[in-house]
Amino acid sequence: MNEDVVTFSDGSMVRSILVRQSIGPRFACGFYCNGDCRSFLFAIFIVGENSGATYIPSPSTGILQVVWSATRNNPVRENATLQLTGDGDLILPEDNGTLVWSTNTTGKSVVGLNMTEMGKLVLFDKNNSTVWQSYDYQQTYYFWGGGWWQDRGSLLVYHP
1 MNEDVVTFSD
11 GSMVRSILVR
21 QSIGPRFACG
31 FYCNGDCRSF
41 LFAIFIVGEN
51 SGATYIPSPS
61 TGILQVVWSA
71 TRNNPVRENA
81 TLQLTGDGDL
91 ILPEDNGTLV
101 WSTNTTGKSV
111 VGLNMTEMGK
121 LVLFDKNNST
131 VWQSYDYQQT
141 YYFWGGGWWQ
151 DRGSLLVYHP
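Residues in the sequence shown are numbered from 1 upward in steps of one, following UniProt numbering.
This is how it looks when you write it as structure tokens:
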């Protein structure tokens, strides 16, 4: 079994691609399906707080929270792949090659992909400057433990 795949008791499933370990909330990006898993969202989701070795909540007790999706209105099939192209574009084609989503960063000197402590997926250039990010607005993240985190741009604040 792939350790990056978790199936929940309601039938939803997560396949994580990138997990960000940090103090406070942990974020991951990958593919998420709800229900019969005939289609998937490419999304960023909260996978728990810094409380041990488990990244994704327990299928029996955890609650997965999607905080951003590139494909909310256009889910992909199971064999779609996320690709960082040689010319700097992050793309999501279906298994038949049909392009579903793109960052439109071709030719912008992208050299890498990262996830920030605030759960933003970022493409950066050779100077480590952000070329593209998944969202530009403040986010509020609620947790099943009763507290919540608020992204205030450059600061993540916990509210018990």
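For glycine and all other residues, C-beta sits at the position ideal for the given N, C-alpha and C.
Predicted model only: the values in this text are computed from it and were never measured.
- Three or more beta-carbon pairs drawn from the region 110-118 and the region 15-22 are found closer than 8 Å, and the two stretches are therefore classed as touching.
- The straight-line gap separating the alpha-carbon atoms of V6 and F31 is approximately 11 Å.
- Put simply, of I44, G11, G88 the residue whose alpha carbon is nearest the alpha carbon of D125 is G88.
- Under the three-state reduction of DSSP output, S69 falls in the strand class.
- By a beta-carbon distance limit of 8 Å, L123 contacts V110. Their separation comes to about 5 Å.
- Apart from the 5 residues on each side of it in sequence, S39 sits with its Cβ closer than 7 Å to the Cβ of C33, P75, V76, R77 in its chain, given in chain order.
- Each of L41, N127, N128, V66 was checked against the Cα of W101, and the nearest Cα belongs to L41.
- Partner residues in the beta bridge of L113, as assigned by DSSP, are L123.
- R38: not part of any beta strand (DSSP E); DSSP gives it neither H nor E.
- In this structure T98 is exposed. Its beta-carbon is surrounded by fewer than 16 other beta-carbon atoms within 10 angstroms.
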